[in-house]
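First residue of the sequence shown: 0, per numbering that gives the first Met the number 0; consecutive thereafter.
One structure is given here, and the rest of the page talks about it.
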Amino acid sequence: MNVTEIMASVVHTVNPRDPVYRAARMMKDHDIGCLLVVEGDRLRGIVTDRDLVVRALHDPATLNHRTMADIMTARPVCCRADDTVNQAAVIMEQHQVRRLPVLDRDDRLCGIVTIGDICTHAPHEVSGTLIEEVSRPAHTLLAETA
0 MNVTEIMASV VHTVNPRDPV YRAARMMKDH DIGCLLVVEG DRLRGIVTDR
50 DLVVRALHDP ATLNHRTMAD IMTARPVCCR ADDTVNQAAV IMEQHQVRRL
100 PVLDRDDRLC GIVTIGDICT HAPHEVSGTL IEEVSRPAHT LLAETA
């Protein structure tokens, strides 16, 4: 099964020049935890609810002057439209991410696949391993590779 079969093709997006408060409002209004930052059909970054807290709210005095480009994760980890669900799960495990933008062959954004999508559609052993690996604290991974 390919990720295109389980991904959301309607994706909430913002522009790199949009103000930070727009992201907070959109996440609240749509009950979502991330927004993809795009220019045209090109992915430029991703902003999560955690990014808002850690990168934007740490200095409330500058909040009104900050943009998506200031707080986004540029060049986010992605998967391809023709990747299998298992391949997407491996990418999530390796990079400890819960969301993957999906790009087509021409590097255009075509959707997003989440850990929830994979857990719903993948075999139990794949989803169980994925949740375990993505949830591991980064310091335990660093200790294992040292």
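Don't be surprised by glycine CBs; every beta carbon is placed ideally from N, CA and C.
Residue i (DSSP reduced to helix, strand or coil)
i: residue 1; result: strand
i: residue 80; result: coil
i: residue 110; result: strand
i: residue 44; result: strand
i: residue 51; result: helix
i: residue 21; result: helix
i: residue 89; result: helix
i: residue 11; result: coil
Cβ-Cβ distance between residue i and residue j below 8 Å
i: residue 3; j: residue 80; result: yes
i: residue 50; j: residue 72; result: yes
For residue j and residue i, the rounded distance between their alpha carbons
i: residue 139; j: residue 109; result: Any answer about residue 139 is weak, because its pLDDT of 48 lies below 50 and its placement is not dependable; what the coordinates show is given next. Approximately 34 Å between the Cα atoms of the pair.
i: residue 76; j: residue 22; result: 20 Å
i: residue 0; j: residue 63; result: 44 Å
i: residue 126; j: residue 95; result: A caution first: residue 126 carries a pLDDT of 49, below 50, which makes its placement in the model unreliable, though a value can still be read off. Going by the C-alpha atoms only, they are around 14 Å apart.
i: residue 26; j: residue 107; result: 23 Å
i: residue 105; j: residue 53; result: 33 Å
i: residue 20; j: residue 116; result: 28 Å
i: residue 144; j: residue 44; result: Its pLDDT being 46, under 50, residue 144 is placed unreliably by the model, and nothing is read from it.
i: residue 55; j: residue 112; result: 25 Å
i: residue 24; j: residue 70; result: 15 Å
i: residue 155; j: residue 89; result: Lying outside 0 to 145, the shown extent of the chain, residue 155 is not represented and no answer is given.
i: residue 47; j: residue 99; result: 12 Å
i: residue 18; j: residue 5; result: 31 Å
Selected residue, minimal CA-CA separation from residue i, among the options
i: residue 42; options: 119, 103, 120; result: 103
i: residue 16; options: 7, 65, 48; result: 65
i: residue 92; options: 55, 70, 118; result: 118
i: residue 9; options: 114, 101, 48; result: 101
Using a Cβ distance threshold of 8 Å, determine whether the segment 23–41 contacts the segment 84–92, with at least three qualifying pairs required. no
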